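Colleague:
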Amino acid sequence: MGRFGKEFAKGIVISNPLFVLALGFCPALAVSISLDNALGMSVGVAVVLLGSNIIISAIRKFVPNMVRIPIFIVIIATFVTIVNLVFHAYVPSLYESLGIYLPLIVVNCIILGRAEAFASKNPMVSSIADALGVSVGFMLALLIISFIRQMLGTGSVSVFGFNLFTLPVLGEQPMVMFILPPGAFLVIGLLLALFRRMGVMKSE
Amino acid sequence: MNELISIFIGMAVINNFILARFLGLCPFFGVSKKLGNALSMGMAVTLVMFIASVTTWIINHYILIPFSVEYMNIVVYILVIASLVQIVELFIKRTNLTLYNALGIFLPLITTNCAVLGITLINAREGYSLLESIVASLGGGIGFLLVLIIMSGIREKLEIADAPRSMRGLPIAMLVGMLLGLAFFGFGGMI
Amino acid sequence: MKVKTLKGVFPVIFITVIVLISVTLLAFTDSITKDRIEYQKEQQIQGMLKEMFPDMSRYTFENDIYIIYADGAKIGYGFLAVGKGYGGDIDILVGLEDETTIKGITIVSQSETPGLGTRIAEASFADKFAGLNIGDVALRQAGGQVDAITGSTISSRAVIDAVRTTAMEKVKSLKERE
Chain S
1 MGRFGKEFAK GIVISNPLFV LALGFCPALA VSISLDNALG MSVGVAVVLL
51 GSNIIISAIR KFVPNMVRIP IFIVIIATFV TIVNLVFHAY VPSLYESLGI
101 YLPLIVVNCI ILGRAEAFAS KNPMVSSIAD ALGVSVGFML ALLIISFIRQ
151 MLGTGSVSVF GFNLFTLPVL GEQPMVMFIL PPGAFLVIGL LLALFRRMGV
201 MKSE
Chain U
1 MNELISIFIG MAVINNFILA RFLGLCPFFG VSKKLGNALS MGMAVTLVMF
51 IASVTTWIIN HYILIPFSVE YMNIVVYILV IASLVQIVEL FIKRTNLTLY
101 NALGIFLPLI TTNCAVLGIT LINAREGYSL LESIVASLGG GIGFLLVLII
151 MSGIREKLEI ADAPRSMRGL PIAMLVGMLL GLAFFGFGGM I
Chain B
1 MKVKTLKGVF PVIFITVIVL ISVTLLAFTD SITKDRIEYQ KEQQIQGMLK
51 EMFPDMSRYT FENDIYIIYA DGAKIGYGFL AVGKGYGGDI DILVGLEDET
101 TIKGITIVSQ SETPGLGTRI AEASFADKFA GLNIGDVALR QAGGQVDAIT
151 GSTISSRAVI DAVRTTAMEK VKSLKERE
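Chains as they are written, first to last, in the numbering used here: chain S, 1 to 204; chain U, 1 to 191; chain B, 1 to 178.
#1: Give the DSSP bridge partners of ASN108(S), in chain order.
#2: Is the beta carbon of VAL176(U) less than 7 Å from the beta carbon of ILE18(U)?
#3: Rounded to whole angstroms, what is the Cα-Cα separation between MET198(S) and ARG165(U)?
#4: CA-CA distance, THR106(B) and ALA81(B)?
#5: Kindly list, in the order they appear in chain B, the residues whose Cβ is closer than 9 Å to that of VAL75(U).
#6: Under 8 Å between beta-carbons, which chain S residues line up against ILE160(B)? List them in chain order, please.
#7: Closer than 8 Å by beta-carbon distance: list the chain B residues that pair up with ILE148(S), in chain order.
#8: Please report whether the beta-carbon of ASP35(B) lies at a distance below 7 Å from any beta-carbon of chain U.
#9: Within this structure, are the beta carbons of LEU93(B) and MET48(B) separated by less than 7 Å?
#10: Could you name the residues that DSSP lists as bridge partners for VAL94(B)?
#11: Could you please give the first and the last residue of the uninterrupted beta strand (DSSP E) stretch that includes LEU164(S)?
#12: Since LYS65(B) and PHE79(B) should fall inside the 8 Å C-beta cutoff, what is the C-beta to C-beta distance between them, to a whole number of angstroms?
#13: Between the Cα of GLN145(B) and the Cα atoms of LYS172(B), VAL137(B) and THR100(B), which residue gives the shortest distance?
#14: Please classify ALA73(B): does DSSP put it in a helix, a strand, or coil?
#15: Would you say ALA77(S) and VAL106(S) are within 7 Å of each other, going by their C-beta atoms?
#16: Hey, THR56(U) and VAL85(U): beta-carbon distance below 7 Å or not?
#17: Check whether the Cβ atoms of GLY85(B) and ALA148(B) lie closer than 7 Å to each other.
#18: Across which residues does DSSP place ASP89(B) in a beta bridge pair?
#19: Return the chain-ordered list of same chain residues with a C-beta closer than 6 Å to the C-beta of THR118(B), the five sequence neighbours on each side being excluded.
#20: I'd like to confirm the pairing. Which residues does DSSP put opposite PHE61(B) in its beta bridges?
#21: Tell me whether the beta-carbon of LEU143(S) lies closer than 7 Å to the beta-carbon of ALA38(S).
#22: With hydrogens ignored, establish whether the beta-carbon of GLU169(B) is closer than 6 Å to any heavy atom of the ligand FMN.
#23: Just to check my reading of the structure: VAL67(S) and ILE21(B) have Cβ atoms closer than 8 Å, yes? What is that Cβ distance to the nearest angstrom?
#24: So, do the segment 87-96 of chain S and the segment 117-131 of chain S have three or more beta carbon pairs nearer to each other than 8 Å?
#25: Does the segment 59-74 of chain S come into contact with the segment 63-79 of chain U, if we say contact requires no fewer than three beta-carbon pairs (one atom in each stretch) closer than 8 Å?
#26: Among residues of its own chain, excluding the 5 on either side of ILE160(B), which ones have a beta-carbon nearer than 7 Å to its beta-carbon?
#27: Can you tell me whether LYS128(B) is buried or exposed, with buried defined as 16 or more other CB within 10 angstroms of its CB?
#28: Which of the three DSSP states is assigned to ALA9(S) in this structure?
#29: Looking at C-beta atoms only, is the number of pairs between the segment 155-174 of chain S and the segment 116-131 of chain U that lie closer than 8 Å three or more?
Okay, here's the thing in structure tokens:
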């Protein structure tokens, strides 16, 4: 449990994919306009990461080195397609909302990065822990960003249709910019600087 | 014709791949100060976007749809892109070694560039014809190139600027992205 | 000699096997999700038609036009129109009371600017179309009866033009069939 816990915890803070490793921005910036999107995307990433880490760790001793990257890509793409089809069938509104960013999980640096750097070199249990840790880290980061953007950009925060709260002034006249693309850059830029300031990662 | 122009302008500046769609961010943040390298990188990506769009359109319309296997599109597209990047890499290595060395690791990384897979997915979703896909990919690529060049020019100033320690590098580049994005909103009035 | 060829060929075999497994897995997933996806689409259309025509008991779909019935009597028509908006296509479900009057519109999907263009999906905009004569579906400046939403002329105009032109097309095709 010690080893499992260690790998798991790593993914959340020290190796947080978004705030520390600075990977996987494309979906994060695009999708972080609502908590629903953030959760949906995180689940998608988690499933793909878990699935591909497990399979790649399982076959790591048999994979010929020369074709290793194409094979990882096919495995990841297969899981992404499964997630895409399942979302389309069972959560169509989330599927519409995530748009092309759901299939784009396949080129998300986080997944291929973990496969290459970790799963291909480590036993199954550690790989599972790593996948779970990184997924949770990704989800937390995405939730924080989405929360801020949704709160400032629409004035109210809601999840699964339930309105959690509506801010007094912003509820009527929200700062729409936060929901727009430049707002994403702003929020993430400031959060990155904040995390650095707090010493989570080294400044340049 | 009007239709094609609005697709082109839409992809290039109004819904710019980097500033509005967040596709292709890695090269954007890692772009070099040297204009030449930024230009080469942008052109390499545009080239791959163009060829990938044409190839995937053909595969989509003559293989995937007729055989009702559209669900294979993600796997097929990414394999096509990976192969294309390999070929382009070899081609550049043979014809222009200096360029090859200058681009370095960024060349194989074009495979995981969201902009390339992105344009193929957008073409499929919007149901573009072959001509529309070509125009869209060129528009997207040129828009990408444009932002890369602008960023390359700004980079120089950024490195000398006296930014707070935590802001240096990535955070401030993000803020530049925000400002550029806001500026590009002005293009919305064009169509 | 035999070992050497096997070593060279093994990567190819490996990757082919992986691809075959992938194809099988995906084909399987596709077959079990396909029906559900179709069902979701139908549910969505049905829901929107019912909201537009509360008395609807059933509908049929012929030549791209939904014919709405309430217990045997024809109460209207429905069809999809596509407008060229700021951020891409805007899918609109248009309802007709008869061959000249609009019953209402519902925005099915759009990717317009949040807070501005997305307001075309608000009831206040859709209500402007209810009860209008097809010919009156145009901007007030162009002689029609619809006001564009402030700050999103492109999105508003895309919807207005799409509704009017498609409505005229569909009515023409309905008349041709009679």
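Using N, Cα and C, we set each Cβ at its ideal position, and we do this for glycine too. All values derive from a computational prediction rather than experimental measurement.
Modeller: Working from what's here:
#1: DSSP output for ASN108(S) lists no bridge partner at all.
#2: no
#3: 12 Å
#4: Approximately 10 Å, taken between the alpha carbons.
#5: By Cβ distance, chain B contributes VAL19, SER22, VAL23 and LEU26.
#6: None at all; the shortest Cβ gap to chain S is about 24 Å.
#7: Going along chain B, no residue has its Cβ under 8 Å from ILE148(S), so there is no contact; the nearest lies around 15 Å.
#8: no
#9: yes
#10: PHE79(B) and ILE105(B)
#11: 162-166
#12: Checking the sequence, you will find Ile at residue 65(B) rather than Lys. Correct: roughly 5 Å between the Cβ atoms.
#13: VAL137(B)
#14: Strand, per DSSP.
#15: yes
#16: no
#17: No, these two residues do not count as a Cβ contact at 7 Å.
#18: LYS84(B)
#19: If you ignore the 5 residues before and after THR118(B), its C-beta comes within less than 6 Å of the C-beta of GLU112, all in its own chain and listed in chain order.
#20: TYR66(B)
#21: yes
#22: The model on display carries no ligand, and the ligand FMN is accordingly not part of it.
#23: Contact doesn't hold; Cβ gap of about 15 Å is too wide.
#24: no
#25: With the rule of 3 Cβ pairs closer than 8 Å, the segment 59-74 of chain S counts as touching the segment 63-79 of chain U.
#26: Cβ neighbours of ILE160(B) beyond the five flanking positions: VAL137, ALA138, LEU139 and VAL146.
#27: buried
#28: helix
#29: no
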